[in-house]
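Numbering of the sequence shown is given in this note's numbering, commencing with residue 757 and proceeding in unit increments. Take a look at the structure set out below.
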Amino acid sequence: MNVSPAGSEVVSRLTVLQVTVADSGLYACHASNSYSSQTATAQITVQQQLVPAKCTDNPFFANCDLIARSKFCRVKYYSK
Numbered sequence: 757m758n759v760s761p762a763g764s765e766v767v768s769r770l771t772v773l774q775v776t777v778a779d780s781g782l783y784a785c786h787a788s789n790s791y792s793s794q795t796a797t798a799q800i801t802v803q804q805q806l807v808p809a810k811c812t813d814n815p816f817f818a819n820c821d822l823i824a825r826s827k828f829c830r831v832k833y834y835s836k
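Structure (structure tokens):
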């Protein structure tokens with residue numbers, strides 16, 4: 757999993773980059789200070805991306821399977 761945590765003392769964020777179905781699951785956030793603590797959870801479901809039927813190989817660049825797995829199928833430079 758490729759994560760990018762960012763934040764400050766007031767607000768924090770966790771971004772999961774290039775998600776896959778394997779990143780689905782229960783995520784938890786725990787916050788605390790000198791007065792109390794709190795935990796919140798969220799169930800995240802990542803759906804598999806379907807390869808568009810019109811995605812065809814452009815041999816000049818690469819094969820369609822690699823393009824689709826890299827999520828570049830809709831990029832004009834990688835499709836016919």
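From the three backbone atoms N, C-alpha and C, an ideal C-beta is built for every residue, glycine too.
TODO: Determine, using beta-carbon pairs with one atom in the stretch 791 to 799 and one in the stretch 764 to 779, whether at least three such pairs fall under 8 Å.
DONE: They do not touch, by the three-pair rule.
Task: Bridge partners - residue 799, DSSP secondary structure assignment - done: 782, per the DSSP bridge assignment.
- [ ] In angstroms with no decimal places, state the Cα-to-Cα distance between residue 782 and residue 800.
- [x] Roughly 6 Å between the two C-alpha positions.
Open item on the list: Bridge partners for residue 776 per DSSP, in chain order?
Closed with: Looking at the DSSP assignment, residue 776 forms no beta bridge with any residue, so it has no partner.
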